Structures are given as C-alpha cells and as structure tokens.
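Q: Below are the structure tokens for one structure; questions will follow.
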Amino acid sequence: MTEEQFRRQVRQIAAMRGWTLAYHTHNSQRSDAGWPDEVFGHPHAGRVLFVELKTDKGRIRPAQREWLQHLAICGLEAALWRPRDMRLIVDTLAPNGPRAELPEDLRPKRTLP
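Under UniProt numbering, the sequence shown is numbered contiguously, ending at residue 113.
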C-alpha cells in the first residue's frame, strides 16, 4: 500500500466516524518541513488530531519527529500511523476513542513545566 492509498483510507475512516474537518498539505515543498500530513477535527468530541502517515517501512525525518514531539508536549493529540496500526487507528478515530499517542520510541523525553 502506498502512502497516498493509506492516507485516503484513513481519511475515509475519519469521515465515517464524524471527523468533519480534515486538512492535508497538498504541496509540502511550499510548507515548513516536518508539519504532519493530516490534521483532523471532531467538533462534537472536542478533539483535534495531528497525524503523520507512513508506509510500514517508511522512515520519519528529524523535522517530522520534532513537530510530533512538540505537539505532544503542548498537550495536543499527535500520532504516527502506519498501515499495520489499522486497529489502533479505527479505535482512536471513534469520537469517544482513546487519545492518540506517539509510539514509545517517538515520545518526548521532556514535558512542559
């Protein structure tokens, strides 16, 4: 599965689960490096989710890691999702689903004071 196919699948699941706001940078060459691929909003659940999507073998770049960690430190929901995470994705996109978290190896080592 390509990253684009995966992105479309995640967007479809999000829409079916009531995420009415979705943003995707269509031309990342004109954007700041590392900004997450998708931003989802669910007004009824009061949630905003920042997601970096990668194929199962895709590598995360340092700027992407930095943005995800920064968002998480600021208390926002941030996630790195891969096709192998589909069960977690479906659960997280439920309006009352679990809060998105970064994988253990990406979790920030520090928190805000």
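By construction, the Cβ of each residue, glycine as well, lies at the ideal position given by its N, Cα and C atoms. In this text the structure is predicted, and so the values were computed from the model without any measurement.
Do you know offhand how far residue 81's Cα is from residue 44's?
A: Roughly 23 Å between the two C-alpha positions.
Q: Check this for me: beta carbons of residue 42 and residue 67, under 8 Å apart or not?
A: The Cβ atoms of residue 42 and residue 67 lie no closer than 8 Å to each other.
Q: Got a sec? Which residues, its chain only, sit under 6 Å from residue 54 by beta carbon, not counting five neighbours each side?
A: 82
Q: In angstroms, rounded to a whole number, what distance separates the CA positions of residue 61 and residue 96?
A: 31 Å
Q: Which value, in whole angstroms, describes the spacing of the CA atoms of residue 12 and residue 4?
A: Answer to the nearest angstrom: the Cα atoms are 12 Å apart.
Q: Quick one: using the 10 Å Cβ neighbour count with 16 as the cut-off for buried, is residue 2 buried or exposed?
A: exposed
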